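Asks: The opening position of the sequence shown corresponds to residue 194 in this note's numbering, with each subsequent residue numbered one higher. Positions of the beta carbon are idealized from the N, C-alpha and C atoms, including for glycine. Note that the structure is predicted; figures quoted are calculated from it, not measured. Pasting a structure below so you can have a look.
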Amino acid sequence: MGFFEDTAVKAKDVFDSAVKKTGEAFSVQKTKLNIAGITSQISKEYETLGRLYHDSVKNKADNAVTINAVIGEIEEKQAQIAKLEEEIAAAKNMAVCPACGAKNLNDAQFCSKCGKKLG
Ligand SMILES: [Zn+2]
């Protein structure tokens, strides 16, 4: 299997799992809103980090454990965003067949299921 086929299969897998997970049609718009929400949570966590660090320096408080926990939260959310962005990229690579509804890669000329000409 060549690089292109690998990428194509991966795009389809990511797209299918995104659809399965939400149990509804994948929406790029909704996913973008989701990413925006997580991004704003990350901003708040950076703010928290700033406060904790300020407290450590100014009051010599030992906030290391809390700081590490917040950093862990941020990293987890960054991973979530990366995954959602991957789902959007995969969705953009898919074209739905107007005849049978099968998902095909955007640059496919014919539907892989029913053979109808696409695009
Ligand atoms: Zn079709």
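First and last residue of the beta strand (DSSP E) that includes residue 254?
Replies: Counting along the chain, residue 254 falls outside any beta strand (DSSP E), and DSSP gives it neither H nor E.
Asks: Under the criterion of a Cβ to heavy atom distance below 8 angstroms, does residue 308 qualify as lining ligand 1?
Replies: Yes, the Cβ of residue 308 comes within 8 angstroms of a heavy atom of ligand 1.
Asks: How long is the line joining the alpha carbons of residue 372 and residue 278, rounded to whole angstroms?
Replies: Residue 372 cannot be examined here, being either before or after the span of the chain that is shown, 194 to 312.
Asks: For residue 207 versus residue 295, is the C-beta distance shorter than 9 angstroms?
Replies: Contact: no.
Asks: Could you check whether the Cβ of residue 301 sits closer than 8 angstroms to any heavy atom belonging to ligand 1?
Replies: For ligand 1, not one heavy atom lies less than 8 angstroms from the Cβ of residue 301.
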